[in-house]
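S.K.:
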Amino acid sequence: MVPWLEPGAPFPDTRDALTDPDGLLAAGADLSPDTLVRAYSSGIFPWYDADYQPILWWSPAPRCVFYPDQIHVSRSLRRHVNQVPLTITLDSAFSSIMALCAAPRGDGQGTWISSDMVNAYVNLHKLGYAHSLEVWQGDSIAGGIYGIQLGNIFFGESMVSPLPNGSKVALAALQALAKSLDIQLIDAQVENPHLRSMGACMIDRATFSQHLRQWIPAHPAPAQWPKESWTWATLPADDKRPA
């Protein structure tokens, strides 16, 4: 059993999270901006099926993260971006990226991103806490990622790849722009083979909690992402290291 939270109630200590299922910490509360900022500041995120579950709050351990200078860009991905003209933008189509992430998958199944979740993160975007990176092929979205930046940590929520390699390019572009966006850590929450192939690593709860204390201030301010665009060739040069 996990505690039930009324709106505005404090979250339990993340060390109290269950190990089965891994990371389940609490249920209830709400998706207000204040609740979400408090949750992410503590390394907690919502993840639930709105069709039959209440809001569930998670803090798994170990934690899947990227240190931006360790993201791996494969030779095949480099060939792709050198052959296909792509444009990268920030915060130019947040709602569209969320809608694509929330759309049913190719197998006909839905996703965990409910309309309430979409509305909650769109509100956070309007307040300057939630952000998106878009990859464009012409006028079409080829890929993207959205999440929340608090202090120097970007909490990635979901990626989408309408066209081949779109989400990989999005993650690589975020890595290339991390320094200019004051991002020291990218939280990927739960590992999968795709994330591992791009350089994600697993860290224990104590290390992750230390990063939260180190890189998120007590009252994090909204982050201002520049309204610019880049091609792969014009991204900051740190991402050009050998694969």
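Counting in this note's numbering, the sequence shown runs from 140 upward without gaps.
Each residue gets a CB set at the ideal place from its N, CA and C atoms; glycine is no exception.
This structure is a prediction, so every number in the text was calculated from the model and none was measured.
1. Rounded to the nearest angstrom, how far is the Cβ of residue 305 from that of residue 257, given a contact under 8 Å?
2. Fully enclosed by the stretch 270–356, which beta strand (DSSP E) runs are 3 residues long or longer?
3. Would you tell me roughly how many angstroms separate the C-alpha atoms of residue 159 and residue 209, rounded to the nearest one?
4. By how many angstroms is the C-alpha of residue 266 removed from the C-alpha of residue 360?
5. Whole angstroms is fine: what's the gap from residue 278's alpha carbon to residue 224's?
6. If I follow the unbroken beta strand (DSSP E) through residue 227, where does it start and stop?
7. How about residue 324 and residue 364: are their beta carbons less than 8 Å apart?
8. When the distance is taken between beta carbons, is residue 153 closer than 8 Å to residue 183?
9. So residue 284 and residue 295 are supposed to be a Cβ contact under 8 Å. How far apart are they, rounded?
10. Can you give me the start and stop residues for the alpha helix (DSSP H) that residue 157 sits inside?
11. Between residue 330 and residue 341, is the Cβ-Cβ spacing less than 8 Å?
12. For the stretch 167–184 against the stretch 143–157, are there 3 or more C-beta pairs whose distance is under 8 Å?
13. Does the distance from the CB of residue 236 to the CB of residue 198 come in under 8 Å?
14. Can you tell me which of 322, 259, 301 and 194 puts its alpha carbon nearest to the alpha carbon of residue 239?
15. Who are the near neighbours of residue 287 in its chain, counting only those whose CB is closer than 6 Å to its CB and skipping five residues on each side?
16. If you drop the 5 nearest sequence neighbours on each side, which residues of the same chain put their C-beta closer than 6 Å to that of residue 192?
17. Quick check on residue 451: does DSSP put it in helix, strand or coil?
18. I need the boundaries of the beta strand (DSSP E) containing residue 223, first residue and last residue.
19. Rank 251, 254 and 308 by C-alpha distance to the C-alpha of residue 214 and give the top, closest one.
20. With a 10 Å radius around its C-beta and 16 neighbouring C-beta atoms as the bar for buried, classify residue 207 as buried or exposed.
21. Am I right that residue 356 and residue 290 are in contact with their C-beta atoms under 8 Å? What's the rounded C-beta distance?
22. Suppose you measure from the CA of residue 251 to the CA of residue 241; what does that come to, to the nearest Å?
23. Let me confirm a value: residue 143 is counted as buried when at least 16 other C-beta atoms fall within 10 Å, else exposed. Which label applies?
24. Relative to the alpha-carbon of residue 164, which residue among 212, 185, 369 and 226 has its alpha-carbon at the smallest distance?
25. Once you ignore the five residues that flank residue 234 on each side, which residues in its own chain have a CB closer than 7 Å to its CB?
M.R.: On the basis of the data shown:
1. At roughly 20 Å, the Cβ-Cβ gap does not stay under 8 Å, so residue 305 and residue 257 are not in contact.
2. 279–289, 292–299, 324–328 and 340–342
3. 30 Å
4. 10 Å
5. 11 Å
6. 226–229
7. no
8. yes
9. 6 Å
10. Run containing residue 157: none; DSSP gives neither H nor E here.
11. yes
12. yes
13. no
14. 301
15. 179, 268, 269 and 294
16. none
17. What the structure shows of the chain is the stretch from 140 to 382, and residue 451 is not part of that stretch, so it cannot be assessed.
18. Premise fails: residue 223 is in no beta strand (DSSP E) and is neither H nor E.
19. 308
20. buried
21. 6 Å
22. 7 Å
23. exposed
24. 185
25. 261
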